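First up is the structure itself, then whatever we jot down about it.
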C-alpha cells in the first residue's frame, strides 16, 4: 500500500516536460541478468528504513557512467535523486536513485553505452505489461527527473566520527545535493559532496550553522548545532518541490530513413523484416539508397512481397500513433495489387520465429497511391483500441520479377504525447556548464542540446549572465555604452552652437 504513494496519476500539465526516451529498464531481481560493480548509496546508514525510498521499496539504480552529473567542473553524485518513470503501461511511477549497478545481458547491453536503469520487480511490473510469454525482464521507458515532495523534511545522519572530521549523509532530500557551508563568527568553510554521496566535515569547536546547498542552489539551514551533539539532526524545512510532470511513453516515429545508421542499439530501433508467404522472417539491412525487397514467392503467377516493421518493446500502436506512411519505389507498377496491412504483437524479443508473434488485426484500414514508380501506402490505426502491439506489415502482389525498394517509413504521433519534448540522454547532464541556457542567453559559445531539451543547470549570480555556451560572464552594460555616445553627441552639438 505504501508504494501507491509513489505512483502518480496522469494529470494534464500546463508546461511541456523534458522527457528522456533513449534508456531501457531492467528488472534486476530476474535471474536472467548479471550484475557487476553494485554500489549502494545508503549502505552505511545504521537504520536504512529511515530512508523513505528504501522503506517504500521504490528504488532504482543507474549504470556507473550516469551516476554523476558534471557542472562547472564539479562531479555531483545522483544519490537520492528522484525519477518519474513511465513504460508501455503508461503508469507514472516514482523511484529514488539508490546507487549504481552494471548490468550485462548478451544481445542487449553491448550497444546501450550505459543508458539503462535497474529497478526491482515491484517497480518493473508497473512499467511493463505482463503479456510476454518469456524473457520479460527488460523494456524501454521514458523518464524525467523530478523534485518530489516526500511529505517530510531532510535529516542529517552521522555516519562516522574521526579524530579531525565527521562523515555525514543527508537523507530524504527532494533535490540533488552539492555543497555544505559551515559558518559562525569563528569559521566559514565550504564542503563538497563526495562521490559516495556523503560529506566529510571538519570537526569545529562550539556551535555553528550548517547550510545545505542543492544542485539548483536552493538552501536549507540547521542553526546553532555541533555534529557531536547528536547522531541525527532533522531540518525544519525542505526544498521547494516541483510537481512531477507526466511523460508519455513513446518510441521513435522514424521507422526507416535512408540516413539512419545500422548501429542503433537493438532495443532502440525499428527492425525491418521480410516475411515470406509462410511468414518465415529475414531481417534487412539499412542502406542510404533504401532497402530492396525481391519477391519471396510466386502466387498465381504474381510476385509476393511483404514488408514488416517491428519494434522490440511493446506499445499501444492505436493509442500512440494515428497512421504510418510508407514510401516505396516499384520498378513495374502495372500489375501492383495491395493485399492488406496487419498488426502483430511480438511476445518474445529474443526470437524472430513464427511462434513469437500473435495477430492483433489482420486488416488495417489502408490507402495507396501510385505515381510512376513511386508508391505511397498509408496505414491507419484505431484510437478506440487499447491492445498491446509492436509490429505491422504490408503485403503486395507485383509483376513476377519486380523489385520493390523501401525509401521511407514514418509514423504520425497522436495528441497524447503533445505535453512533452522528447529528448535523449544528453538532457540528463549539464556537461560542465554553469547555468540554464535560454533563448535570451548572451551569444557566446555553443552547447550540445536542442532548443527544447536544455536541462536546468542553475542561474548566474547578480551581475552575471548566462551565455549560449552555458557559462556565466560579466553582464555587458549596454546602457553605459549608450550613455557615453549620447554625452559625446551633446558635447559636439554644444561646440557647434558656440561656433555660431
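Residue numbers (my numbering): 14 to 513.
Idealized CB from N, CA, C, for every residue including glycine.
These figures come from a predicted structure and were not determined experimentally.
7 Å Cβ cutoff met for residue i and residue j
i, j, result
"residue 92", "residue 136", "no"
"residue 323", "residue 404", "yes"
"residue 593", "residue 248", "Lying before the first or after the last residue shown, residue 593 is absent from the chain, which here runs from 14 to 513."
"residue 480", "residue 449", "no"
"residue 6", "residue 308", "In this structure the chain extends from 14 to 513, so residue 6 is not present and cannot be described."
"residue 225", "residue 337", "no"
"residue 483", "residue 460", "yes"
"residue 222", "residue 261", "no"
"residue 359", "residue 370", "yes"
"residue 345", "residue 412", "yes"
"residue 100", "residue 159", "no"
"residue 127", "residue 79", "yes"
"residue 428", "residue 468", "no"
"residue 185", "residue 165", "yes"
"residue 124", "residue 278", "yes"
"residue 173", "residue 180", "yes"
"residue 373", "residue 357", "yes"
"residue 45", "residue 162", "no"
CB-CB length for residue i against residue j, believed under 8 Å
i, j, result
"residue 394", "residue 335", "6 Å"
"residue 263", "residue 435", "7 Å"
"residue 150", "residue 269", "Contact flag wrong, Cβ pair sits at about 28 Å."
"residue 95", "residue 187", "7 Å"
"residue 351", "residue 409", "6 Å"
"residue 83", "residue 470", "No, residue 83 and residue 470 are not in contact; Cβ-Cβ is about 10 Å, not under 8 Å."
"residue 245", "residue 141", "38 Å between Cβ atoms; not a contact."
"residue 251", "residue 273", "No, residue 251 and residue 273 are not in contact; Cβ-Cβ is about 46 Å, not under 8 Å."
"residue 90", "residue 240", "With 8 Å as the limit, residue 90 and residue 240 do not qualify as a contact, their Cβ atoms being about 20 Å apart."
Own chain, CB closer than 8 Å to residue i, minus 5 neighbours either side, in chain order
i, result
"residue 47", "116, 117, 118"
"residue 74", "41, 51, 110, 111, 112, 113, 114, 130, 131, 132"
"residue 399", "329, 331, 332"
"residue 266", "334, 423, 424, 425, 426"
"residue 311", "317, 413"
"residue 472", "230, 448, 449, 479"
"residue 58", "64, 170, 172, 182, 184"
"residue 452", "464"
Run of the alpha helix (DSSP H) containing residue i, from where it starts to where it stops
i, result
"residue 135", "134 to 137"
"residue 1", "This structure cannot settle anything about residue 1, because the visible part of the chain is limited to 14 through 513."
Limits of the beta strand (DSSP E) - the one that residue i falls within
i, result
"residue 463", "Neither: residue 463 is in no beta strand (DSSP E) and is coded neither H nor E."
"residue 385", "Unbroken run through residue 385: none, as it is neither H nor E."
"residue 418", "417 to 426"
"residue 435", "433 to 436"
"residue 114", "105 to 117"
"residue 405", "402 to 412"
"residue 98", "95 to 99"
"residue 151", "151 to 159"
"residue 195", "190 to 196"
"residue 372", "370 to 374"
"residue 205", "201 to 205"
"residue 88", "87 to 90"
"residue 479", "477 to 479"
"residue 178", "178 to 184"
"residue 174", "168 to 174"
"residue 214", "212 to 215"
"residue 121", "Segment: none, residue 121 is in no beta strand (DSSP E) and carries neither H nor E."
"residue 486", "485 to 487"
Nonlocal neighbours in the same chain, by C-beta distance under 6 Å from residue i, ignoring five residues either side
i, result
"residue 25", "Caution applies to residue 25, whose pLDDT of 38 falls short of 50 and renders its modelled position unreliable; the value that the coordinates give is listed next. Excluding residues within five positions, none has a Cβ falling inside 6 Å."
"residue 61", "55, 67"
"residue 420", "303, 340, 342"
"residue 455", "478, 480"
"residue 189", "94, 228"
"residue 139", "104, 106"
"residue 88", "81"
"residue 500", "Low local confidence applies: a pLDDT of 48 at residue 500 is under 50, so the model's placement there is unreliable, with the coordinate-based value given in what follows. Nothing listed; no residue qualifies."
7 Å CB neighbourhood of residue i in its chain, flanking five on each side removed
i, result
"residue 16", "Since pLDDT at residue 16 reaches only 47, below the 50 mark, its modelled position is unreliable, and the value read off the structure follows with that caveat. 69, 70, 71, 135."
"residue 488", "476, 477, 478"
"residue 288", "294, 319, 321, 406"
"residue 498", "Low confidence applies here, because residue 498 scores a pLDDT of 46, under 50, leaving its location unreliable and the question unanswered by this model."
"residue 437", "33, 35"
"residue 236", "222"
"residue 29", "432, 433, 434"
Residue i: CB within 6 Å of a non-hydrogen atom of the ligand GDP
i, result
"residue 40", "Inclusion of the ligand GDP in the displayed structure is not the case, the ligand content being empty and no account of it being possible."
Quiz item: What beta strand (DSSP E) runs, 3 residues minimum, are completely inside the region 295 to 361?
Solution: As far as the region 295 to 361 is concerned, its whole beta strand (DSSP E) runs of at least 3 residues are 304 to 306, 310 to 312, 315 to 328, 334 to 343, 350 to 359.
Exercise. Could you tell me which uninterrupted alpha helix (DSSP H) segments, each at least 4 residues in length, are contained entirely in the region 33 to 85, listed from first to last along the chain?
Key: Taken in chain order, the complete alpha helix (DSSP H) segments of 4 or more residues contained in the region 33 to 85 are 65 to 68.
Quiz item: Which runs of the beta strand (DSSP E) fall wholly inside the region 223 to 252 and span at least 3 residues, in chain order?
Solution: Counting only unbroken stretches of 3 or more residues, the beta strand (DSSP E) elements lying wholly within the region 223 to 252 are 232 to 238, 245 to 247, in sequence order.
Quiz item: At what residue ranges does the region 259 to 298 contain a whole run of the beta strand (DSSP E), taking only runs of 3 or more?
Solution: Runs of beta strand (DSSP E) with 3 or more residues, each lying fully within the region 259 to 298, are found at 267 to 269, 283 to 288, 294 to 296, listed in chain order.
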